[in-house]
Amino acid sequence: MSLFLETKPYYLKITFTISLLIFAVLSTNAQYTNLGAGAYGRANSLVAVPDISSVYQNPAGIACLNDNFVAVAIHKTLPVEGLTTVGSFGQLSTKVVNFGFSVDNFGDQYYHETRLGIAAAKKMDKVSMGLKFSLMNNAVKEMSSRQTFLGEFGILAIPSKFFSIGLHVVNFTRAKLYDSQALPTFINFGIGLNPSKKINISGQVDYPVGEKPFLKMGLNYQIKESLGLSAGINPNLNSVHLGLNLDIKKYKFSYAVSTHPNVGLSNHLTLALLLNGKK
8 MSLFLETKPY YLKITFTISL LIFAVLSTNA QYTNLGAGAY GRANSLVAVP
58 DISSVYQNPA GIACLNDNFV AVAIHKTLPV EGLTTVGSFG QLSTKVVNFG
108 FSVDNFGDQY YHETRLGIAA AKKMDKVSMG LKFSLMNNAV KEMSSRQTFL
158 GEFGILAIPS KFFSIGLHVV NFTRAKLYDS QALPTFINFG IGLNPSKKIN
208 ISGQVDYPVG EKPFLKMGLN YQIKESLGLS AGINPNLNSV HLGLNLDIKK
258 YKFSYAVSTH PNVGLSNHLT LALLLNGKK
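For this note's numbering, add 7 to where a residue sits in the sequence shown, where the first one is 1.
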């Protein structure tokens, strides 16, 4: 009895953390958490809109960006302990192919998911194609640890300055962490609209294969060249997103917040450093 009492808080915390994890997996698919506050402020609806977080949103998008950069990000759900994602991502642009990387960790000392991803994309006229592979690790302290490779590919077309279309397939390799449970496969399709130079509208339909598709939408208003405001909605999660983007010389700062009826506020911060961008 004394041993149980001494270890009870430990097992209660594991149970609590795993319960929250199950909620996160079922509602937001924690394995595929996307970093990038600029995209988060628009409800992660940028499958058809090139962004510094395209290595997460659609690897084809990195071919549309010319800057070399590195970014760090943190996504924190308050006041829930353990539901935090931290990581880094970036890009190297060349004359032939653009490369991207991402590394992130979700969870706490008792449960965590870690990903290390490498992407490559090529632009051919008005169409870009990208491919990404990630090594994923899922671990529960002193209980289990599993690894797998996750494959993604994307296509992004910009027929004119007024609109763009994108397709992103996540887990086309049908990767599994456990023999009895495959990770979800997503087929995401989106459209970007530019009604004016200052406004960009993004819409995206995510289809988890075998389940019902759902819609996400976002909008960015560029007040100045260096200052933008964004908003987004995800009806599937009943969440509303708001964001702020600020560029100061070679630095790009983004902050986004979302509201969720069950979890509360989620805060997302990203700071990027342009390595060869405009000063």
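For glycine and all other residues, C-beta sits at the position ideal for the given N, C-alpha and C. This structure is a prediction, so every number in the text was calculated from the model and none was measured.
- Distance between Gly217 and Lys256, taken at the CA atoms: about 46 Å.
- Distance from the Cα of His275 is smallest, within the candidate group Glu120, Gly97 and Ala263, for Ala263.
- Relative to the Cα of Leu174, the nearest Cα in the group Asn243, Pro220 and Ala67 belongs to Ala67.
- The bridge partners DSSP lists for Tyr228 are Ile206 and Leu236.
- Asp186 is bridged by DSSP to nothing; it lacks a bridge partner.
- In the DSSP annotation of this structure, the continuous segment of the alpha helix (DSSP H) that includes Gln64 starts and ends at Ser61 to Gln64.
- Here the alpha carbon of Leu234 sits roughly 15 Å from the alpha carbon of Ala46.
- For Ala127, the three-state secondary structure derived from DSSP is strand.
- Residue range Phe76 to Thr84 is occupied by the beta strand (DSSP E) that includes Ala78.
- In this structure, Val103 is the residue among Val103, Ala50, Gly48 and Ser52 with its C-alpha nearest to the C-alpha of Leu72.
- As DSSP reads the structure, Phe113 sits in a beta bridge with Thr92 and Glu120.
- Taking Ala126 as reference, the option from Lys219, Thr92, Leu157 and Ile81 with the minimal CA-CA separation is Leu157.
- Look at the beta carbons and you see the region 93 to 109 not touching the region 192 to 202: under three pairs across the two are nearer than 8 Å.
- Note on Gln211: 16 or more other CB atoms within 10 angstroms of its CB, so buried under the neighbour-count rule.
- Gly45: member of the alpha helix (DSSP H) spanning Ala44 to Tyr47, first to last residue.
- Of the candidates Val93, Asn243, Ser265 and Leu244, the residue whose Cα lies closest to the Cα of Leu251 is Ser265.
- Shown here, Ala55 sits in coil according to DSSP, grouped into three states, outside any helix or strand.
- If the five residues before and after Asn243 are omitted, its C-beta is found closer than 7 Å to the C-beta atoms of Phe221, all from its own chain and listed in chain order.
- Gly68 sits in a helix when the DSSP states are folded into three classes.
- Residue pairing by DSSP places Pro242 in no beta bridge whatsoever.
- Annotation for Thr155: the continuous beta strand (DSSP E) segment containing it runs Ser151 to Ser167.
- Non-local C-beta neighbours of Tyr214 in its own chain, meaning closer than 6 Å and more than five positions away in sequence, comprise Ile194 and Pro220, ordered along the chain.
- Excluding five sequence positions before and after Ala279, the CB atoms of its chain that fall closer than 6 Å to its own CB belong to Ile59, Phe76, Ala78 and Lys259, given in chain order.
- Between the alpha carbons of Lys130 and Met136 lies a gap of roughly 7 Å.
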